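Asker:
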Amino acid sequence: MSKALGKRPAIVNLTKPTRSAFEPNKGAKKLTVTKLRTISRSDDVERYYERKKAELTDALVAIFEQQQPRQPLETLYRGVEDICRHGAARELSGTLRVRCESYLNGPLYQSIMRDSGSSNIDMLKAVEKHWGIWNTQSVGDSRFDPALLRDSISTLHVLNIYGKQFELPFLKASRAYLHEFAEELSAASLKSYISACEKLLSREDYRCNAFNFDSTTKRQLMSEAHRILIDHYSEKLLDASSISKLLDENSIESMKALYELLRLSNLQKRLKGPWEDYIKNTGSAIVNDTSRGDEMVVRLLGFRRALDIMVRDAFEKDDDLAHSLRQAFDSFINDKKKHSTSGYGNLDGWRDDCEDRVDAEKSGQASTGDEDAELDRQLDKALELFRFIEGKGVFEAFYKQDLARRLLMGRSASADAERSMLAKLKSECGSDFTRNLEQMFKDQQMARDEMISYKAWREGNGHIKGKLDLNVSILSAAAWPTYPDTQLLLPDEVASQIEQFDAYYVNKHTGRRLTWKHSLAHCVVKASFNKGPKELLVSAYQAVVLTIFNQADDPMSYQQIAERSGLSGQDLDRTLQSLACGKIRVLTKTPKGKDVNPTDTFMVNKSFSDPKFRIKINQIQLKETKEENKETHERVARDRQFETQAAIVRIMKSRKTMTHANLVAEVINQTKKRGAVDTSEIKKNIEK
């Protein structure tokens, strides 16, 4: 009986009950507690593992001395498992190995030699004798007979004394055992506690069925087990930090066991709090990790995928926890107070467009299959996060800036990918959301048609084709982001071509005016070096600086370059830095260094070499300042106010009369596709 139930005390007493030690006439004894002190949880855990190590050492000593260990072997086995899960398996193995080797080479060897006599047969008999002793000591008393126990329980039923003489003592002994079991493991890690409880409950259920216990006995026993192991230790089972650790480890098996344990006592709904806290804290950490900003979207998608799998495989698709997942995602993505960059750090990661990542995956990381289907799948995954974002107007502003940069600089991984994303955004948010974005694509096509017409006009008017091949993108100002005007002293041939196109365009389109944005221009420059010619893909700023050196072989000062190029400040610094301090150095700087100073001088690096003929020199990008970021948000807020006011006017014109509450509700309904508008803002705009 003790082996089957884990070393429980003997419980069969068919004569008379034990007399209680309680003496009511003498009253309660006074209990005095001294030296009360608080022990931290970490200290408590470490003391638990040290106690387990000491118990294992004591058990070994008892076995070496041919005595029975004080602790049941089941308890010792659990202790070994907990220590191994704690990460001390190697240390424990080494300690036990040293002690066993010391015993084998010392006392055991001497005992065998004393019993061996003079012949080989005596030696073999001595070894066999001590091996039998060792097995008996290390394995313990294995004489448990399940058939005998089952038959004995049946006998109790036949004699009609099962309920009177067996069940109550059995349940009492079981309660004591369960309390001892839970208390012993309470200092262990949550993972160890869950595993031990799961195994114990499984064994108890099996024994109740296998040994003919009454259904009422089983029901009471399992109820007591749930109350003692789960209800009494619910604080441990629902500890937020421990659950976070299991979720960080993506331990689906342990979380599934935890969910099942809590459900046995109908406590699974209390898992919602730690679950939401983990999602919010981990998600916010990803969003605010500026050092890995480029990976934010990919990390959030991976995080969401892992949580979905957890709900499916560990929580059995629990509706409450699935809903909590969505709420928590919505909370941390739109929590302006916790996010950096003027409260909208949650949107900054979207600046690296989805198809850039798909393009990288196509180069070797993506799974085999149709590339278009893979691209479409990746875009759908990106939209999963987009649906959580309330500030869709802010997203549109930043997306518009990045899309414009890709289209104008020719950096888009795929035109089809851009249009596919645009179609998905239109389906998600409506045509108003994507109107300007669609106009950008139309402008690109119109610009190509305009250039075909211009080149035909030049040929028809007898213009000689020069070394310069001019290509102009004409953009409608309302659809594209605003760009600053910069002063740039262009080479004569470039300036002449631009003037010619300007005259052609203004003459063709009466009433229109062109504003040239040189900061967006890029070109191919042919350069000659000692080791051969190269073609350099550069920005307009870089090209202007490089052409200055056509008229000078001597080093040029920073000030001279500024005067001849028209550039100044950060524009000039970043341009010179990209040409003389980057990975590809077609200019040399004196003195050497990574930064550009007004006292530096520059000259052509005639010894420049590169295995490629056409080389792209990246312009060093100036990170968006907080002021620029703030200005973008303020502009979006102003646009939202105008949109809200327009919605109010449309509704009032069509309805004539309606209650204030209905008006607010209808405004929310008409503007929700571009993001939520605060009710207080709607009321202010109604007053306006």
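The sequence shown runs contiguously to residue 688 in UniProt numbering. Idealized CB from N, CA, C, for every residue including glycine. Just so it is clear, the structure is predicted and the values come from calculations on it, not from any experiment.
1) Using beta-carbon positions only, say whether Asp-231 and Ser-265 come within less than 8 Å of one another.
2) Taking the alpha helix (DSSP H) that Glu-260 falls in, what are its first and last residues?
3) What residue does the beta strand (DSSP E) around Met-603 start on, and which one ends it?
4) Is Tyr-109 buried or exposed, if buried means 16 or more other CB atoms sit within 10 Å of its CB?
5) Identify the continuous beta strand (DSSP E) that holds Pro-533 and give its terminal residues.
6) What separation, rounded to the nearest whole angstrom, lies between the Cα atoms of Phe-395 and Met-409?
7) Quick check on Lys-236: buried or exposed, where buried means 16 or more other Cβ atoms within 10 Å of its Cβ?
8) Alpha carbon to alpha carbon, what distance is there between Leu-148 and Ser-111?
9) So, is Tyr-162 buried or exposed, given that buried needs 16 or more other C-beta atoms within 10 angstroms?
10) List the endpoints of the continuous alpha helix (DSSP H) containing Ala-415.
11) In chain order, what residues of the same chain have a beta carbon less than 8 Å from the beta carbon of Leu-347, not counting five sequence neighbours either side?
12) Pick helix, strand or coil for Phe-315, following the three-state DSSP scheme.
13) Assuming residue 743 contacts Lys-589 under a Cβ cut-off of 8 Å, what Cβ separation, rounded to an integer in Å, is found between them?
14) Tell me the rounded alpha-carbon separation between Gln-577 and Lys-594.
15) When you compare only the Cα positions, how much space is there between Gln-327 and Lys-400?
16) Specify whether the stretch 514-527 and the stretch 483-500 touch according to this definition: at least 3 beta carbon pairs, one from each stretch, less than 8 Å apart.
17) Straight-line CA distance for Asp-469 to Phe-613?
18) Apply the 10 Å Cβ neighbour rule to Met-556 and answer buried if 16 or more other Cβ atoms are within range, or exposed otherwise.
19) Between which two residues does the alpha helix (DSSP H) carrying Ile-615 extend?
20) Provide the residue span of the beta strand (DSSP E) that contains Thr-217, from first to last.
21) Can you find at least 3 beta carbon pairs, one from the stretch 285-296 and one from the stretch 266-275, that sit closer than 8 Å?
22) Do Thr-671 and Val-677 come within 8 Å of each other at the CB atom, strictly closer than that value?
23) Count the other CB atoms within 10 Å of the CB of Asn-685; is the residue buried (16 or more) or exposed (fewer)?
24) Check for me: the beta strand (DSSP E) holding His-522 runs from which residue to which?
25) For Lys-583, name the three-state secondary structure that DSSP assigns.
26) For a test of the three-state rule: what should DSSP assign to Thr-95, helix, strand or coil?
27) In three-state DSSP terms, what is Ser-568?
28) Are Phe-315 and Leu-307 touching if we call contact CB-CB under 8 Å?
29) Only counting runs of 3 or more residues, tell me where the beta strand (DSSP E) segments fall wholly within the stretch 53-116, in order along the chain.
30) Please list, in chain order, all residues of the same chain as Gly-27 whose beta carbon is under 7 Å from its beta carbon, the five residues on each side excluded.
31) Could you tell me which residues DSSP puts in a beta bridge with Lys-589?
32) Decide yes or no for the touch test of the stretch 57-68 against the stretch 84-92: beta carbon pairs closer than 8 Å, at least 3 of them.
33) Considering only the alpha carbon of each residue, which of Ser-119, Glu-198, Glu-46, Leu-238 lies closest to Ala-188?
34) Should Pro-611 be labelled buried (16 or more other beta-carbon atoms within 10 Å of its own) or exposed?
35) Any beta carbon of chain D sitting closer than 8 Å to that of Glu-65?
36) Going by the beta-carbon positions, is the gap between Val-538 and Ile-561 smaller than 8 Å?
Answerer: On the basis of the data shown:
1) Taking the sequence shown and counting its residues from 1, the one referred to as residue 231 is at position 231. Taking the sequence shown and counting its residues from 1, the one referred to as residue 265 is at position 265. In this structure, Ser-265 lies closer than 8 Å to Asp-231 by Cβ.
2) Along the sequence shown, one-based indexing puts residue 260 at 260. Element bounds for Glu-260: 252-264.
3) To locate residue 603, count along the sequence shown from 1; it is residue 603. That run of the beta strand (DSSP E) goes 601-604.
4) Within the sequence shown, the letter at position 109 stands for residue 109. Classification of Tyr-109: exposed, given that the 10 Å Cβ count is below 16.
5) Within the sequence shown, the letter at position 533 stands for residue 533. Note, Pro-533: beta strand (DSSP E), 532-539.
6) Start at 1 with the first residue of the sequence shown, and residue 395 comes out as number 395. Start at 1 with the first residue of the sequence shown, and residue 409 comes out as number 409. Counting only the Cα atoms, Met-409 lies some 21 Å from Phe-395.
7) Here the question's residue 236 lines up with position 236 in the sequence shown. By the neighbour-count rule (16 or more Cβ atoms within 10 Å), Lys-236 is buried.
8) As a position in the sequence shown, residue 111 is number 111, starting the count at 1. As a position in the sequence shown, residue 148 is number 148, starting the count at 1. For Ser-111 and Leu-148, the distance between alpha carbons rounds to 38 Å.
9) Taking the first residue of the sequence shown as 1, we reach residue 162 at position 162. It is buried - the Cβ of Tyr-162 has at least 16 other Cβ atoms within 10 Å.
10) Counting from 1 along the sequence shown, the entry for residue 415 is found at position 415. Segment 415-429, the alpha helix (DSSP H) holding Ala-415.
11) Stepping through the sequence shown from its first residue, residue 347 is reached at position 347. In this prediction, Leu-347 scores a pLDDT of 49, lower than 50, which makes its location untrustworthy; the coordinate-derived value is nonetheless stated afterwards. Contacts found: Ile-389, Gly-391, Val-394, Phe-395, Phe-398.
12) What you label residue 315 is simply residue 315 of the sequence shown in a count that begins at 1. Here Phe-315 carries a coil assignment [DSSP, helix/strand/coil].
13) In the structure as shown, the chain begins at 1 and stops at 688. Residue 743 is therefore absent and cannot be evaluated.
14) Reading the sequence shown from its first residue, position 577 is the one you call residue 577. Reading the sequence shown from its first residue, position 594 is the one you call residue 594. Cα-Cα distance, rounded: 7 Å.
15) Your numbering for residue 327 matches position 327 in the sequence shown. Your numbering for residue 400 matches position 400 in the sequence shown. When rounded, the distance between both Cα atoms is 28 Å.
16) yes
17) Start at 1 with the first residue of the sequence shown, and residue 469 comes out as number 469. Start at 1 with the first residue of the sequence shown, and residue 613 comes out as number 613. About 20 Å.
18) On the sequence shown, position 556 is the one that residue 556 refers to. Buried, since its Cβ has 16 or more Cβ neighbours within 10 Å.
19) Taking the sequence shown and counting its residues from 1, one reaches residue 615 at position 615. Taken as a continuous stretch (DSSP letters only), Ile-615 belongs to no alpha helix (DSSP H), being part of the beta strand (DSSP E) at 614-616.
20) The count along the sequence shown starts at 1 and reaches residue 217 at position 217. No beta strand (DSSP E) holds Thr-217; the alpha helix (DSSP H) holding it covers 215-226.
21) no
22) Taking the first residue of the sequence shown as 1, we reach residue 677 at position 677. Taking the first residue of the sequence shown as 1, we reach residue 671 at position 671. Yes, the pair counts as a contact, with Cβ atoms nearer than the cut-off.
23) For this step, residue 685 is matched to residue 685 along the sequence shown. So Asn-685 counts as buried.
24) In the sequence shown, the residue the question calls residue 522 occupies position 522. First-last of the beta strand (DSSP E) with His-522: 522-529.
25) Position 583 of the sequence shown, counted from the start, is the residue given in the question as residue 583. Looking at Lys-583 - three-state DSSP - the assignment turns out to be coil, as it is neither helix nor strand.
26) The sequence position of residue 95 within the sequence shown is 95, counting from 1. The answer is helix: DSSP assigns Thr-95 an H, G or I state.
27) Position 568 of the sequence shown holds residue 568. Here Ser-568 sits in coil by DSSP.
28) Working through the sequence shown from its first residue, we reach residue 315 at position 315. Working through the sequence shown from its first residue, we reach residue 307 at position 307. No.
29) For the stretch 53-116, not a single whole beta strand (DSSP E) run of length 3 or above is found.
30) Sequence index remark: in the sequence shown, residue 27 carries index 27 (1-based). With a pLDDT of 45 at Gly-27, under the threshold of 50, the modelled position of that residue is not reliable, and the figure given next carries that caveat. Within the same chain, Gly-27 has no close Cβ partners at all.
31) Translated into positions along the sequence shown, residue 589 becomes position 589. DSSP lists Phe-602 as partners of Lys-589.
32) no
33) By 1-based counting over the sequence shown, the position of residue 188 is 188. Closest option to Ala-188, Cα to Cα, is Glu-46.
34) The residue you call residue 611 lines up with position 611 of the sequence shown. With fewer than 16 other Cβ atoms within 10 Å, it is exposed.
35) You won't find chain D in this structure, because it holds only one protein chain.
36) Here residue 538 is taken as the residue at index 538 of the sequence shown, counted from 1. Here residue 561 is taken as the residue at index 561 of the sequence shown, counted from 1. Going by C-beta atoms, Val-538 is not nearer than 8 Å to Ile-561.
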